[in-house]
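All remarks here apply to the structure that follows.
Set out below in structure tokens:
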């Protein structure tokens, strides 16, 4: 009944427990990791809790308005930022506890050595329409 | 195509099928198939008796589906025993449908989805739009809910209290998409009140009517939230208010008070005031005390503190607020309001800003930021 955003970061989050860059894994470990993520999304589709999910390319830029009649200013393509979002999943769950439980499961995706990576995921509730009864 | 008629027919047809011995899940699927057939053929060929038509076609769909599953002989025996178009469902039958859809084994979101479809006659797409989730997600929610209900057994279906909780959840969701969930909840609660004589059903209906009556005034032309005290009361729907008050009064006369009746009484006192200054806050505090006796919760205590602040002044309100967990939703918004009443705009502005950061909805956040900005720019 409440939508939450699960955010996965390229960088900016604290290091995971099993923190080995993906390009140092074996191809099978990479495959197992990706399969885990797909199966996780499928499971949420089955439970009726899945809303949306997308992966983001790390290449992007900061853009801002630069005044009337001038093209926007860009900074990049490799933005100077400590934080970089790798992708998101939107879930619609009955409680905050359930959102945390699911983020925990997603964080257990297997990585190097086939062991869970224990990565940090950011969980953020959506702002919604206000409930009808507030006063 | 009369959509309102179709929606009204869904629970009735479903009830007929279940009473003829069909499983709830199979019957629900069959009625959906029947609805599709109706949407396809009624525009060219409107039936003389829409309900009998829908019962017949849905029953045929049910028989087709169960045959296809292979358990042929048993199904055919059932077909033999098929009764002719029967009488309208009795009150108990339609009540049972509400209970099934609010089965205690279901999660709140499943119970809501199942109720909206099986009792409310909404399509999966309409429910998905209303809750801003993919249609496939809602379809899964409904089919899992049906499996859960089938597994848990019909014998232990929910009770009035669980049904009321589900309807109240629907009511509080407001609306998006082409279905107004608050209006839908009012319709379903009204329908429930017509088949069950229960003071708390009336209490919920009264509460919904009284809140619904004020809806047009709750936001301005830009969609921004307008607090109760500043609402243009001429925009309140007086017909709905009158109906809500009448429903509440006859419920209260039964002398079996419950939390919904107490909340409706508070809403009625607000609705009763021609101008905000005429609000009888003393009586509202008394009703909050009654509500606390019935259902002690931090949220009720928080709301009571607001009423005490209005009845006896800011300091009394702050005293009522003392001891409540500051991490409660809306705690800082209430504290901000009370500090402002105490003549401390600096603390109030800080608390409004904090409340804005913790707001659960974008409109509440915008409203609270504006409050903080108002105090900060005045100083």
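Protein chains in written order, with our numbering: chain A, 1 to 135; chain B, 136 to 514. Using N, Cα and C, we set each Cβ at its ideal position, and we do this for glycine too. Keep in mind that this is a model prediction, so the values were computed, not measured.
Buried versus exposed call for residue 119 (chain A) [16 or more other C-beta atoms within 10 Å across all chains shown]: Taking every protein chain shown into account, the CB of residue 119 (chain A) has 16 or more other CB atoms within 10 angstroms, so this residue is buried.
Continuous alpha helix (DSSP H) stretch holding residue 365 (chain B): start and end: For residue 365 (chain B), there is no enclosing alpha helix (DSSP H), as DSSP marks it with neither H nor E.
| request: Identify whether residue 199 (chain B) lies in helix, strand or coil by the three-state DSSP scheme. | output: Reduced to three states, the DSSP call for residue 199 (chain B) is helix.
| So the alpha helix (DSSP H) residue 297 (chain B) belongs to, where does it begin and stop? | Segment 295-307, the alpha helix (DSSP H) holding residue 297 (chain B).
query = What span of residues does the alpha helix (DSSP H) with residue 483 (chain B) cover, start to end?
reply = Looking at the DSSP string, the run of the alpha helix (DSSP H) that includes residue 483 (chain B) is 480-492.
Is residue 54 (chain A) helix, strand or coil when you go by DSSP?
Residue 54 (chain A) falls in the strand class under three-state DSSP.
Would DSSP call residue 89 (chain A) helix, strand or coil? In the displayed model, residue 89 (chain A) falls within a strand according to three-state DSSP.
Beta carbons nearer than 8 Å to chain A: which residues of the region 494-505 of chain B have them? Answer in chain order: 494, 495, 496, 497, 498, 499, 500.
### Query
So, is residue 244 (chain B) buried or exposed, given that buried needs 16 or more other C-beta atoms within 10 angstroms?
Answer is buried; the Cβ neighbour count reaches 16.
Quiz item: From the beta carbon of residue 218 (chain B), is the nearest beta carbon of chain A less than 8 Å away?
Solution: The predicted position of residue 218 (chain B) is uncertain, since its pLDDT is 49 and thus under 50; a value taken from the coordinates is nonetheless stated next. Not one chain A Cβ lies under 8 Å of residue 218 (chain B).
By the 9 Å beta-carbon criterion, what residues does the region 41-63 of chain A contribute toward chain B?
Within the region 41-63 of chain A, those residues whose Cβ lies closer than 9 Å to any Cβ of chain B are, in chain order, 44, 45, 46, 47, 48, 49, 50, 51, 52.
- Message: How far does the beta strand (DSSP E) with residue 4 (chain A) in it extend, from its first residue to its last?
- Response: In the DSSP annotation of this structure, the continuous segment of the beta strand (DSSP E) that includes residue 4 (chain A) starts and ends at 2-11.
Worksheet item: Just how far apart, CA to CA, sit residue 196 (chain B) and residue 123 (chain A)?
Response: Straight-line Cα distance between these residues: approximately 45 Å.
Inset, instruction - Step through the CB atoms of chain E and report whether any lies within less than 8 Å of the CB of residue 1 (chain A). - result: In the structure shown, chain E does not exist; the protein chains are A and B.
Among B:256, B:155, B:190, B:502, whose alpha-carbon lies nearest the alpha-carbon of residue 140 (chain B)?
Nearest option by C-alpha distance: B:256.
Exercise for review: Please classify residue 152 (chain B): does DSSP put it in a helix, a strand, or coil?
Suggested key: In the structure shown, residue 152 (chain B) sits in a helix (DSSP, three-state: H, G or I).
(Q) Distance check for residue 365 (chain B) and residue 483 (chain B), CA to CA, integer angstroms please. (A) Looking at the backbone, the Cα of residue 483 (chain B) and that of residue 365 (chain B) are separated by about 19 Å.
Is residue 485 (chain B) near the ligand FMN - that is, is its Cβ less than 7 Å away from at least one heavy atom of it? In terms of ligand content, the structure shown is empty, and the ligand FMN therefore cannot be addressed.
Rounded to whole angstroms, what is the Cα-Cα separation between residue 183 (chain B) and residue 175 (chain B)? Our two residues, residue 183 (chain B) and residue 175 (chain B), have alpha carbons roughly 16 Å apart in a direct line.
> Name the chain A residues whose beta carbon is nearer than 8 Å to that of residue 273 (chain B)?
Replying inline: Result: 48.
Item to complete: Using a Cβ cut-off of 8 Å (strictly closer), state whether residue 92 (chain A) contacts chain B.
Response: Yes, contact with chain B.
**Study point:** Under 8 Å by beta carbon: chain B residues contacting residue 5 (chain A)
**Key:** In chain order: nothing, as chain B lies at least about 13 Å away.
Taking 8 Å as the cut-off, does the region 82-92 of chain A touch the region 299-309 of chain B (at least 3 CB pairs, one atom from each stretch)?
The region 299-309 of chain B, when compared against the region 82-92 of chain A, does not touch it at the 8 Å Cβ threshold.
* Using a beta-carbon distance below 8 Å, is residue 99 (chain A) in contact with chain B? -> Not one beta carbon of chain B lies nearer than 8 Å to the beta carbon of residue 99 (chain A).
Just to confirm my understanding: we take residue 373 (chain B), look at its own chain, exclude 5 residues before and 5 after, and list those with CB closer than 8 Å. What are they? Within the same chain, and ignoring the five residues on either side of residue 373 (chain B) in sequence, the residues whose Cβ sits closer than 8 Å to its Cβ are 348.
Exercise. Is residue 183 (chain B) helix, strand or coil by DSSP?
Worked result: Shown here, residue 183 (chain B) sits in coil according to DSSP, grouped into three states, outside any helix or strand.
Open item on the list: Alpha carbons only, please: which of B:396, B:414, B:369, B:277 is nearest the one belonging to residue 446 (chain B)?
Closed with: From the listed residues B:396, B:414, B:369, B:277, the smallest Cα separation to residue 446 (chain B) is found for B:414.
Q: Please determine, among B:435, B:228, B:337, the residue with the shortest C-alpha to C-alpha distance to residue 469 (chain B).
A: Ranking B:435, B:228, B:337 by Cα distance to residue 469 (chain B) puts B:435 first.
- Message: As a quick exercise: from B:457, B:382, B:164, B:332, pick the residue whose alpha carbon is nearest that of residue 342 (chain B).
- Response: The shortest Cα separation from residue 342 (chain B) among B:457, B:382, B:164, B:332 belongs to B:382.
Contact belief for residue 162 (chain B) with residue 149 (chain B) at Cβ below 8 Å, rounded distance in angstroms: Distance from residue 162 (chain B) to residue 149 (chain B) at the Cβ level is roughly 6 Å; contact confirmed, criterion being Cβ atoms closer than 8 Å.
Looking at C-beta atoms only, is the number of pairs between the region 46-57 of chain A and the region 23-36 of chain A that lie closer than 8 Å three or more? Below 8 Å, too few C-beta pairs join the region 46-57 of chain A and the region 23-36 of chain A to call them touching: fewer than three.
Is the beta carbon of residue 439 (chain B) less than 8 Å from the beta carbon of residue 427 (chain B)? For the 8 Å CB-CB criterion, residue 439 (chain B) and residue 427 (chain B) form a contact.
* Asked: Should residue 547 (chain B) be flagged as near chain A, meaning a C-beta pair shorter than 8 Å?
  -> The requested residue 547 (chain B) is not part of the displayed model; chain B covers only 136 to 514.
task = Report all residues from its chain with a CB closer than 8 Å to the CB of residue 437 (chain B); omit the five preceding and five following residues, and keep chain order.
result = So the list reads 456, 459, 463, 465, 466, 469, once near-sequence residues are dropped.
query = Which residues, taken in chain order from the region 145-167 of chain B, show a beta carbon closer than 7 Å to some beta carbon of chain A?
reply = Hits within the stretch: zero.
message = If I follow the unbroken alpha helix (DSSP H) through residue 374 (chain B), where does it start and stop?
response = For residue 374 (chain B), the enclosing alpha helix (DSSP H) has its first and last residue at 373-387.
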